[in-house]
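Data block below; observations after.
Numbering (our numbering), first residue to last: 30 to 384.
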């Protein structure tokens, strides 16, 4: 049922029940009188018309958008005006219909004002409070939607800034292979193309399957292997049940790139990069270990590590985490924890666990 239908249902049923309850009490005490019955019907119609007019008025003047302290006096004044109108109309009619019950004493007027004031106050408070609460809820929803939009814009900016910093080094390595090993050069060009394509698509996708991200990392490490040769050792231990889980695009490539740039590259005899994934307690764990000394993460690791923390927070909230630490004298460890966000994803992982 639409809000408009609910409104009219409440209007008609509410006022009918209120007025007819008074008519029933009078009929029980004094007996049925047709003129009083017709007056009750007219009063119901009048109450509906007046309160509907109030509804149109507050919507036109947008009272529910006013601060609370400005809304209260307007509501009180409206109740008083409605009570006065109902008294002015009903009191003379009642004197004609029921002269034996009414006198010209001022207390009769005050009694009518109080009686109608209570009824109108109940209606006005109910209607105004409903719209005030509804508007507050709508405002909260708008704030959430705006916040979500801002977070999505921030995430898109972060993704769009992920461009491989090793492109020129990779091109130089490929140039050296062109005459020395043409087949290897072609393979390297394909790997570089894959990485660049994934980088360009990163701003269009929030997440990708882990297996796709691992393929990007493998291509990246293959290109770096051409450059560092025996100075770089790579180890990947990917849990099969994590391959179809979703991760931010180009995130692992960025972390592996930092591991080589700030770790292996600075080591005189080279070093290793190790990537491990596993699933535990409905959480995806990703660990990257590499040769190196952590030092000042803000100064040494630059945009990549800060970017990783921001993207995880934007996409997954506080349940996701990223930390980097000095595991031993010459080994740095970076841990990423991502919550599984749907039962479907977890179910898929559980199915793979049985394979």
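For glycine and all other residues, C-beta sits at the position ideal for the given N, C-alpha and C.
Beta-bridge annotation (DSSP): residue 317 is paired with 304 and 363. Residue 294 sits in a helix when the DSSP states are folded into three classes. DSSP links residue 351 through a beta bridge to 365. By the beta-carbon neighbour count (other beta carbons within 10 angstroms, threshold 16), residue 212 is exposed. Where residue 266 is concerned, the enclosing beta strand (DSSP E) starts and stops at 261-267.
Cβ atoms of residue 313 and residue 271 come within 8 Å of each other, at about 6 Å. In the DSSP annotation of this structure, the continuous segment of the alpha helix (DSSP H) that includes residue 43 starts and ends at 32-59.
Here residue 312 carries a strand assignment [DSSP, helix/strand/coil]. In this structure, the straight-line span from the alpha carbon of residue 107 to that of residue 56 is close to 32 Å. Here residue 111 is buried: its Cβ has 16 or more other Cβ atoms, across all protein chains shown, within 10 Å.
Taking 8 Å as the upper bound for CB-CB distance, residue 69 and residue 48 are in contact here, some 5 Å apart.
Sixteen is the threshold: since fewer than 16 other Cβ atoms of the shown chains lie within 10 Å of the Cβ of residue 94, the residue is exposed. Fully contained in the region 208-290 are the following beta strand (DSSP E) runs of length 3 or more, in chain order: 261-267.
Residue 257 sits away from residue 224, with the two beta carbons spaced by 8 Å or more. Only residues of its own chain outside the window of five on either side were considered, and among them 278 have a CB closer than 6 Å to the CB of residue 237, listed in chain order.
Annotated as distal: residue 74 and residue 45, with beta-carbon spacing of 8 Å or more. Taking a C-beta distance under 8 Å as the contact criterion, residue 261 and residue 254 qualify as a contact pair.
Of the candidates 199, 205 and 243, 199 places its Cα closest to the Cα of residue 222.
Within the model, the alpha-carbon separation for residue 362 versus residue 240 is close to 21 Å. Of the residues assessed, residue 86 falls on the exposed side of the cut-off, its CB having fewer than 16 other CB atoms within 10 angstroms. One alpha carbon belongs to residue 156, the other to residue 101, and they sit about 13 Å apart. Annotation: residue 343 to residue 207 spans about 43 Å, alpha carbon to alpha carbon. The continuous alpha helix (DSSP H) containing residue 111 extends over residues 97-126. In the DSSP assignment, residue 92 falls outside any alpha helix (DSSP H) and carries neither an H nor an E. Taking the CA atoms as reference points, residue 267 sits about 12 Å from residue 317. Going by C-alpha positions, residue 306 is about 5 Å away from residue 315.
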